[in-house]
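Remember, the numbering used here sits 28 above the position in the sequence shown when you count from 1. Working notes, beginning with the structure itself.
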Amino acid sequence: MVVKVQTGQAGVLLSVHDQGIGIALEYQEKIFESFFQVEGGSTRRAGGTGLGLAITKKLTELHGGRIWVESELGKGSAFFVEIPWQTQTP
């Protein structure tokens, strides 16, 4: 796993890259929903409740940022969190 932090004029970009099994394209938006798990049932290899990414997405959006994933099956995943230095108050 590789964790990177980049800063720029617009804000901060945090990325986490792994060499895991990857995430199929049809699940890449769904993984940010509460309680969603790609692997379900008794065959699930990883623990968890399916809340981590949903909480991370909510906190990121509350700071005016965005989160996304880039992944390919068999080649791992890269998660990105981008947060601006200042947010606009609606």
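Where is the CB? At the ideal position from N, CA and C, for every residue including glycine.
Own chain residues within Cβ distance below 8 Å of residue i, not counting five before or after
{"i": "residue 105", "result": "45, 46, 48, 50, 51, 97, 98, 99"}
{"i": "residue 102", "result": "49, 50"}
{"i": "residue 82", "result": "60, 61, 62, 63, 64"}
Close Cβ partners of residue i (< 6 Å) along its chain, the five nearest in sequence each way excluded
{"i": "residue 78", "result": "63, 64, 65"}
{"i": "residue 109", "result": "42, 88, 95"}
For residue i, the nearest candidate out of the options (CA to CA)
{"i": "residue 56", "options": "42, 107, 114, 30", "result": "107"}
For residue i, the residue or residues it bridges with in DSSP
{"i": "residue 91", "result": "Its beta-bridge partners do not exist; DSSP assigns none."}
{"i": "residue 110", "result": "41, 94"}
{"i": "residue 32", "result": "43"}
{"i": "residue 54", "result": "DSSP, once it has assigned bridges, lists no residue as partnering residue 54."}
Own chain partners of residue i with C-beta closer than 7 Å, once the 5 adjacent residues on each side are dropped
{"i": "residue 58", "result": "64"}
{"i": "residue 36", "result": "none"}
Beta-carbon gap between residue i and residue j smaller than 9 Å
{"i": "residue 10", "j": "residue 40", "result": "Since the displayed the chain opens at 29 and closes at 118, residue 10 lies outside it and no answer follows."}
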